[in-house]
Amino acid sequence: AALLWGWFLLGCSWGPGPHGVGAAATYVLDDAGGLGRQFDGIGAISGGGATSRLLVNYQEPYRSQILDYLFKPNFGASLHILKVEIGGDGQSTDGTEPSHMHYENDENYFRGYEWWLMKEAKKRNPKIKLIGLPWTFPAWIGKGENWPYDYPDVTAYYVVSWILGAKQYHNLDIDYVGIWNERAFNSKYIKLLRYTLDKHGLQQVRIIASDRLWEPISVVLLLDSELHRVVDVIGAHYPGTKTVPNALLTQKQLWSSEDYSTFNDEVGAGCWARILNQNYVNGNMTSTIAWNLVASYYEELPFGRCALMTAQEPWSGHYKVEAPIWITAHTTQFTQPGWSYLQVDGHLEGGGSFVALTDGLGNLTIIIETMTRNHSQCIRPALPDFNVTSQRATFYLKGSFCMVKTLQVWHSRLGFESGNSSLFHQLHPVKVQKGSFSLDLNVDEVYTLTTLTTGQKCRCSEPPPPQPFPSNYKDDFNIRNPPFSEAPNFADQTGVFEYFINASDPGDHVFTLRQVVVQRPITWASDADQTISVIGNFQWVNATVTCDIYIEKPRDGGVFIAGRVDNGGIYVRRTKGVFFWVFADGTYQVTGDLAGEEILMKGLSGVRDNAWHTLTLNIQGTSASGLLNGYPLWENVTVSKPTNGWAAIGTRSFEFAQFDNFHVE
Numbered sequence: 124a125a126l127l128w129g130w131f132l133l134g135c136s137w138g139p140g141p142h143g144v145g146a147a148a149t150y151v152l153d154d155a156g157g158l159g160r161q162f163d164g165i166g167a168i169s170g171g172g173a174t175s176r177l178l179v180n181y182q183e184p185y186r187s188q189i190l191d192y193l194f195k196p197n198f199g200a201s202l203h204i205l206k207v208e209i210g211g212d213g214q215s216t217d218g219t220e221p222s223h224m225h226y227e228n229d230e231n232y233f234r235g236y237e238w239w240l241m242k243e244a245k246k247r248n249p250k251i252k253l254i255g256l257p258w259t260f261p262a263w264i265g266k267g268e269n270w271p272y273d274y275p276d277v278t279a280y281y282v283v284s285w286i287l288g289a290k291q292y293h294n295l296d297i298d299y300v301g302i303w304n305e306r307a308f309n310s311k312y313i314k315l316l317r318y319t320l321d322k323h324g325l326q327q328v329r330i331i332a333s334d335r336l337w338e339p340i341s342v343v344l345l346l347d348s349e350l351h352r353v354v355d356v357i358g359a360h361y362p363g364t365k366t367v368p369n370a371l372l373t374q375k376q377l378w379s380s381e382d383y384s385t386f387n388d389e390v391g392a393g394c395w396a397r398i399l400n401q402n403y404v405n406g407n408m409t410s411t412i413a414w415n416l417v418a419s420y421y422e423e424l425p426f427g428r429c430a431l432m433t434a435q436e437p438w439s440g441h442y443k444v445e446a447p448i449w450i451t452a453h454t455t456q457f458t459q460p461g462w463s464y465l466q467v468d469g470h471l472e473g474g475g476s477f478v479a480l481t482d483g484l485g486n487l488t489i490i491i492e493t494m495t496r497n498h499s500q501c502i503r504p505a506l507p508d509f510n511v512t513s514q515r516a517t518f519y520l521k522g523s524f525c526m527v528k529t530l531q532v533w534h535s536r537l538g539f540e541s542g543n544s545s546l547f548h549q550l551h552p553v554k555v556q557k558g559s560f561s562l563d564l565n566v567d568e569v570y571t572l573t574t575l576t577t578g579q580k581c582r583c584s585e586p587p588p589p590q591p592f593p594s595n596y597k598d599d600f601n602i603r604n605p606p607f608s609e610a611p612n613f614a615d616q617t618g619v620f621e622y623f624i625n626a627s628d629p630g631d632h633v634f635t636l637r638q639v640v641v642q643r644p645i646t647w648a649s650d651a652d653q654t655i656s657v658i659g660n661f662q663w664v665n666a667t668v669t670c671d672i673y674i675e676k677p678r679d680g681g682v683f684i685a686g687r688v689d690n691g692g693i694y695v696r697r698t699k700g701v702f703f704w705v706f707a708d709g710t711y712q713v714t715g716d717l718a719g720e721e722i723l724m725k726g727l728s729g730v731r732d733n734a735w736h737t738l739t740l741n742i743q744g745t746s747a748s749g750l751l752n753g754y755p756l757w758e759n760v761t762v763s764k765p766t767n768g769w770a771a772i773g774t775r776s777f778e779f780a781q782f783d784n785f786h787v788e
């Protein structure tokens, strides 16, 4: 027994021990010579774009459970930062997010779902930091040009109005604001943004630039002292854990302000574990922010399930707490923004890394990862070869940590061969003997050793099992005070479709869904020239889509309903399907694509603008037919590709149009 106890004090190995432990090395943790950089927190992004679209439509208690896993302290991911898109009406990866100002004389701070999400995050963690960043801008900002910097005062006014609206209407304090996601920055605009923020009493809002690469922002900051004064954080995207000399020379906070973007299986968890540590160890980055927060968008859109967890079935209530949630917890549950990193190299001799952080009050948290290359590849950038082997690591605690006697231990092992991962389990505490302890580390593991005793792995009851989208789905849009501006499950891919009260309609069409973007926005991706919103099950083959439509634009206005729609997101311009169009000039068309270039049938319909009509599209096998107001208009059109896809509604151009009594079967 005495021999066993002595072995335990040396540092027993939890779980199956390594076969022939490799390198043995020692590491010293000491704060006597001062601390490293201040830690700014771990976060995730909602937006860029429409990534939380389906989350809002979950029923309780499932919606609150998902939010708890993301934001509740000492529960799941316990995120420190929430970054959201400042919606600009344009396609920003998986859909469009509505602007608070569609038009110059228009302000509405209740559109979309980011306000709601920020409030839900704050409700769970009042200390969470909030960031706003535009991907796209409404057309009026550019006065006809696809560029937001020709009138920098207009752009600054627009962005600052979003920050003021967050406070006025939702009591939300925005902590940081960005410039233009992954696009050019403009020094004059950034300076004017700072001036406009200060003028409106928003001195506490910090500026991040430029949400792209380390250069050229770093060198420009070194050459322009006024710009250096107004930029608080350099934010780089997908830095591959590396920074550049100029970024370090600025002496600014360095963040990986967008990272991860990887399918959320075990490899995605390995990627996330590796970069959470190595962004600091290799690159001095004090915050890492994942794209994206929760996969609440149709999985067949671009970058399906590239999120910390998955919640893409509001109709069933099913969601999945994926491995990256528990990898996040290894850091977030045992640190807080304002803690400091210790000055230590952080590379393990046998491969892998560790970071050590303190609150300056005697608490210490050490996070160790031993991810192998093939089990931790992120989507970008390419990952050079490296080796990780089993190893014994001995840590010496010095300075103010010499009094630490016990460390709590949390452990994850990503099981690639077995397919059996062990995620975020609390093990026996480790005893610190004569100021040191040892650990036997296997590959593909994460350890947190901490003086904090507050960690928890919380589990809600199991969510319902997965179900496909209902095969018979109706929406009459008859809702007087909708909780959200968009109808459930419709995923706008170009344009914005909102609930509308048609006060002039005497009868059946008072409550409708209306497309409201009437000029092409300042784009981030390649928005289509038509507007489109998709819905349903991507695997649908045979379907009947019916919808009442109302063309508002005279002469060249037009609308469509569609089935077997095969694309969206950043690829929306190349969308194929079966599209049934009617136009204000009294003609119709059937096309095999959204662009309207592949015409399968055309003719006269008698449809006119400013009147309601009912369209029906029936697709069975290789044949499609269409009805107008219940009477056959065209039939026996041969359709071969695509073989399956969503249903959709939309318009010929950026134009007002209304839809009602949507039904797909």
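Throughout, our numbering is defined as the position within the sequence shown, counted from one, plus 123.
Yeah, the Cβ is synthetic: ideal placement off N, Cα and C, and Gly gets one too.
Here the structure is a predicted model, which is why all the values come from computation and not from measurement.
Count the other CB atoms within 10 Å of the CB of residue i; is the residue buried (16 or more) or exposed (fewer)?
| i | result |
| --- | --- |
| His551 | exposed |
| Ala430 | buried |
| Phe131 | Confidence is the limiting factor: at Phe131 the pLDDT is only 34, short of 50, which leaves the residue's position unreliable and the question unanswerable from this model. |
| Ala244 | buried |
| Lys314 | buried |
| Ile722 | exposed |
| Ile624 | exposed |
| Ala307 | exposed |
| Arg536 | buried |
| Gln781 | buried |
| Ala666 | buried |
| Gly773 | buried |
| Gly129 | Any answer about Gly129 is weak, because its pLDDT of 33 lies below 50 and its placement is not dependable; what the coordinates show is given next. Its Cβ having fewer than 16 others within 10 Å, Gly129 is exposed. |
| Arg352 | exposed |
| Asp783 | buried |
| Thr411 | buried |
| Ser463 | buried |
| Glu208 | buried |
Please list the terminal residues of the continuous alpha helix (DSSP H) segment that includes residue i.
| i | result |
| --- | --- |
| Thr737 | Looking at the DSSP string, Thr737 is not in any alpha helix (DSSP H); the run it does join, the beta strand (DSSP E), is 735 to 743. |
| His323 | Where His323 is concerned, there is no enclosing alpha helix (DSSP H), given that its DSSP letter is neither H nor E. |
| Pro447 | 446 to 455 |
| Asp400 | Inspection of the sequence shows that residue 400 is occupied by Asn rather than by Asp. Residues 389 to 404. |
| Phe194 | 185 to 194 |
Whose CA, out of the options, lies closest to the CA of residue i?
| i | options | result |
| --- | --- | --- |
| Thr385 | Ile502, Ala707, Pro261 | Ile502 |
| Tyr622 | Asn601, Ile722, Val532, Trp337 | Asn601 |
| Leu572 | Asn604, Leu530, Thr174, Ile331 | Leu530 |
| Tyr236 | Gly172, Ile357, Val283, Asp163 | Gly172 |
| Asn612 | Ala770, Phe518, Val730 | Ala770 |
| Trp337 | Gln712, Tyr361, His351, Glu720 | Tyr361 |
| Leu152 | Cys525, Val390, Val695 | Cys525 |
| Ala789 | Val569, Thr739, Pro425, Ile672 | Absent from the structure is residue 789, since the part of the chain shown begins at 124 and ends at 788. |
| Gly170 | Pro765, Gly692, Lys699, Thr739 | Gly692 |
| Ser594 | Gln662, Pro605, Gln579 | Gln662 |
Bridge partners for residue i per DSSP, in chain order?
| i | result |
| --- | --- |
| Arg536 | Ser545, Glu568 |
| Ala780 | Gln638, Ile674 |
| Leu377 | Ile357 |
| His470 | Ser476 |
| Arg335 | Ala359 |
| Ser169 | Val207 |
| Glu436 | His441 |
Along the chain, where does the beta strand (DSSP E) that runs through residue i open and close?
| i | result |
| --- | --- |
| Ala413 | 410 to 414 |
| Ala148 | 147 to 152 |
| Asp615 | 614 to 617 |
| Gly773 | 769 to 774 |
| Val682 | 681 to 688 |
Is residue i near the ligand SAM, going by C-beta to nearest heavy atom under 7 Å?
| i | result |
| --- | --- |
| Thr493 | The ligand SAM is not among the ligands present in this structure, which contains no ligands whatsoever. |
Kindly indicate if chain B contains any beta-carbon less than 8 Å away from that of residue i.
| i | result |
| --- | --- |
| Val688 | Of the protein chains in this structure there is only one, and it is not chain B. |
Between the segment 613 to 627 and the segment 774 to 781, are three or more C-beta pairs nearer than 8 Å?
-> yes
Inter-stretch contact (C-beta, 8 Å, three-pair minimum) for the segment 468 to 476 and the segment 390 to 410 = yes
Would you check if there are 3 or more beta carbon pairs closer than 8 Å linking the segment 581 to 595 to the segment 153 to 162?
-> no
Decide yes or no for the touch test of the segment 627 to 638 against the segment 257 to 265: beta carbon pairs closer than 8 Å, at least 3 of them.
-> no
May I ask you to verify whether the segment 183 to 200 touches the segment 415 to 432, counting CB pairs closer than 8 Å and requiring at least 3?
-> yes
Do three or more CB pairs link the segment 232 to 243 to the segment 290 to 302 at distances below 8 Å?
-> yes
Okay, do the segment 446 to 461 and the segment 479 to 497 touch, 3+ Cβ pairs below 8 Å being the bar?
-> yes
Count the C-beta pairs between the segment 754 to 762 and the segment 644 to 655 that are closer than 8 Å, then say yes if the count reaches three, no if not.
-> no
Answer yes if the segment 436 to 449 comes into contact with the segment 504 to 516, meaning at least three C-beta pairs across the two stretches below 8 Å, and no otherwise.
-> no
The segment 706 to 718 / the segment 670 to 681 touching (three or more Cβ pairs under 8 Å) = yes
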